[in-house]
Amino acid sequence: DAKTTQPTSMDCAEGRAANLPCNHSTISGNEYVYWYRQIHSQGPQYIIHGLKNNETNEMASLIITEDRKSSTLILPHATLRDTAVYYCIAARGGSNYKLTFGKGTLLTVNP
Amino acid sequence: NAGVTQTPKFRILKIGQSMTLQCAQDMNHNYMYWYRQDPGMGLKLIYYSVGAGITDKGEVPNGYNVSRSTTEDFPLRLELAAPSQTSVYFCASGLGQGAHEQYFGPGTRLTVT
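Going down the list, the sequences are from chains A and U.
As numbered in my numbering, residues 559 to 669 make up the first sequence, in order.
As numbered in my numbering, residues 8 to 120 make up the second sequence, in order.
Right under this line is the structure:
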């Protein structure tokens, strides 16, 4: 699976959009980009995934560059409950779906 | 649905003791996983299973064993506990076969002293 690089930490004001970047310059054509988050002491929670196209769900939007070497997770209106470690993972989907978690980005949403 | 449940929530073991971490899911998922998370680090895959009777090693399998006799349960066995196994253990499940989301349990915090 391709290695991903994320900033160690980021801050965001409550109510503003949080934009979390991720670099995955060695991603292969059959690897998806997954985002999970982990609120303190809890199990990780799936947020969103994408292959080529931008994706949106009720939690977030995922913007993938055309060359697929980087992506951005967008939380449109961050709340205090969005404070968590966010993991960007590149992995093959399908029957051999295993995740490799790095250290992620600690997003702190400030009042 | 209860989702993914794990027991116990906390446990302290002495060096050399053994124990089984329990994991169960009620979503009829074929795929189940065990991860460990050391302080300040990401999760590492220990073992996974793609269905009852089938298990395979992940990134850090040494010191652990698993079995998968039913779809619902995926216990993780620690033999001869060592301080290096002090960690938080997360169990997860997923549909696999092209489905993308993994569902995680609340974790078991294990301390070996």
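Beta carbons: idealized from backbone N, C-alpha and C, even for Gly.
Whose C-alpha, out of the options, is nearest the C-alpha of residue i?
| i | options | result |
| --- | --- | --- |
| residue 667(A) | 650(A), 641(A), 593(A) and 660(A) | 641(A) |
| residue 612(A) | 624(A), 601(A) and 603(A) | 624(A) |
| residue 607(A) | 107(U), 9(U), 118(U) and 28(U) | 107(U) |
| residue 591(A) | 577(A), 598(A), 578(A) and 610(A) | 610(A) |
| residue 662(A) | 598(A), 627(A), 619(A) and 589(A) | 598(A) |
| residue 635(A) | 577(A), 622(A) and 660(A) | 577(A) |
| residue 55(U) | 637(A), 657(A) and 619(A) | 657(A) |
Who does residue i pair with in a DSSP beta bridge?
| i | result |
| --- | --- |
| residue 20(U) | 119(U) |
| residue 607(A) | 592(A) |
| residue 634(A) | DSSP, once it has assigned bridges, lists no residue as partnering residue 634(A). |
| residue 73(U) | 83(U) |
So that I know if they touch, is there some Cβ in chain U lying closer than 8 Å to that of residue i?
| i | result |
| --- | --- |
| residue 650(A) | no |
| residue 587(A) | no |
| residue 600(A) | yes |
| residue 653(A) | Per-residue confidence for residue 653(A) stands at a pLDDT of 49, beneath the threshold of 50, marking its modelled position as unreliable; the derived number appears in the next sentence. Answer yes: the Cβ-Cβ gap between residue 653(A) and chain U drops below 8 Å somewhere. |
| residue 657(A) | yes |
| residue 590(A) | yes |
| residue 540(A) | The question about residue 540(A) has no answer here: the residues shown for chain A are numbered 559 through 669. |
| residue 644(A) | no |
| residue 561(A) | no |
| residue 627(A) | no |
Distance cutoff 8 Å, beta carbons only. Does residue i sit that close to anything in chain A?
| i | result |
| --- | --- |
| residue 48(U) | yes |
| residue 107(U) | yes |
For residue i, is the classification buried or exposed, using 16 other Cβ atoms within 10 angstroms of its Cβ as the cut-off for buried?
| i | result |
| --- | --- |
| residue 32(U) | buried |
| residue 17(U) | exposed |
| residue 109(U) | buried |
| residue 639(A) | exposed |
| residue 574(A) | exposed |
| residue 101(U) | buried |
What do you reckon, is the C-beta of residue i under 7 Å from a heavy atom of the ligand ADP?
| i | result |
| --- | --- |
| residue 635(A) | Inclusion of the ligand ADP in the displayed structure is not the case, the ligand content being empty and no account of it being possible. |
Inset, instruction - Residues of the segment 16–33 of chain U with a CB closer than 7 Å to any CB of chain A: list them in chain order, please. - result: none
Legend entry - Residues, ordered as in the chain, of the segment 82–99 of chain U that lie near chain A by beta-carbon distance below 7 Å: 97
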